[in-house]
Ligand SMILES: [Zn+2]
């Protein structure tokens, strides 16, 4: 069953998957695709051609613009804003209003299992990797590596997180001193994850 609240405005030309809930005052534009088992919270906007996978949770008042793809299992916190134009202008240099196709789209991909904290802004053209976590209120303007924990304004890499949400910590630094990858283990569930050395070395610096 698909549940769409009577106050939502869902285009008949949008694809909505089985088991998905669309809550109050959501707008879904033509050509958008929302997978199975998703929740789209009150007041969110899903633009035309946006691609959303299965089991995605979108909290209240999220704006997902044309050019954005959310893969399976992504969490988007309340008031998160995606963008799609790196050089926004209302007018041309001669003062005339820009036309609808008079700009360049930059695509954004949020990969499987990633979570974006409340009120973050995602500048277009980035890939947010699998199982990443973006702290609340962050400004993401660069790619985020898989399992990366990023936060701040602009967001910087602060560490790594497990699919369960726990922090990943380096396992025995002696054993991988010459290795091109670093073995991490979850403090909560014990899951082991490997990240490339060149990614690990970005912790604390620019992405
Ligand atoms: Zn874990």
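Numbering (the working numbering), first residue to last: 2 to 208.
Glycine is no exception: its CB is placed at the ideal position from the N, C-alpha and C atoms.
Computed from a predicted structure; not experimentally measured.
Going by the C-beta, is residue i closer than 6 Å to any heavy atom of ligand 1?
{"i": "residue 163", "result": "yes"}
{"i": "residue 189", "result": "yes"}
{"i": "residue 202", "result": "no"}
{"i": "residue 74", "result": "no"}
{"i": "residue 160", "result": "no"}
{"i": "residue 149", "result": "no"}
{"i": "residue 167", "result": "yes"}
{"i": "residue 14", "result": "no"}
{"i": "residue 192", "result": "yes"}
Tell me the residue span of the alpha helix (DSSP H) that contains residue i.
{"i": "residue 170", "result": "Residue 170 -> not in any alpha helix (DSSP H); beta strand (DSSP E) instead, spanning 168-171."}
Reducing DSSP to helix, strand and coil, say where residue i ends up.
{"i": "residue 200", "result": "helix"}
{"i": "residue 186", "result": "strand"}
{"i": "residue 195", "result": "strand"}
{"i": "residue 105", "result": "coil"}
{"i": "residue 59", "result": "strand"}
{"i": "residue 3", "result": "coil"}
{"i": "residue 137", "result": "coil"}
{"i": "residue 26", "result": "coil"}
{"i": "residue 39", "result": "coil"}
{"i": "residue 111", "result": "strand"}
{"i": "residue 66", "result": "coil"}
{"i": "residue 75", "result": "coil"}
{"i": "residue 128", "result": "strand"}
Can you tell me whether residue i is buried or exposed, with buried defined as 16 or more other CB within 10 angstroms of its CB?
{"i": "residue 125", "result": "buried"}
{"i": "residue 1", "result": "Lying outside 2 to 208, the shown extent of the chain, residue 1 is not represented and no answer is given."}
{"i": "residue 72", "result": "buried"}
{"i": "residue 146", "result": "buried"}
{"i": "residue 198", "result": "exposed"}
{"i": "residue 109", "result": "buried"}
{"i": "residue 180", "result": "exposed"}
{"i": "residue 139", "result": "buried"}
{"i": "residue 48", "result": "buried"}
{"i": "residue 74", "result": "buried"}
Measuring alpha carbon to alpha carbon, tell me which residue in the options is nearest residue i.
{"i": "residue 118", "options": "35, 207 and 59", "result": "59"}
{"i": "residue 53", "options": "140, 61 and 67", "result": "67"}
{"i": "residue 39", "options": "9, 91, 4 and 94", "result": "4"}
{"i": "residue 191", "options": "207, 65, 169 and 148", "result": "169"}
{"i": "residue 85", "options": "106, 44, 94 and 102", "result": "106"}
{"i": "residue 203", "options": "187, 161, 167 and 26", "result": "161"}
{"i": "residue 62", "options": "171, 28, 208 and 11", "result": "28"}
{"i": "residue 13", "options": "79, 30, 206 and 154", "result": "30"}
{"i": "residue 46", "options": "82, 19 and 101", "result": "82"}
{"i": "residue 37", "options": "20, 43 and 51", "result": "20"}
Mind checking which residues open and close the beta strand (DSSP E) that includes residue i?
{"i": "residue 21", "result": "Looking at the DSSP string, residue 21 is not in any beta strand (DSSP E), and its letter there is neither H nor E."}
{"i": "residue 149", "result": "149-153"}
{"i": "residue 69", "result": "69-71"}
{"i": "residue 162", "result": "156-162"}
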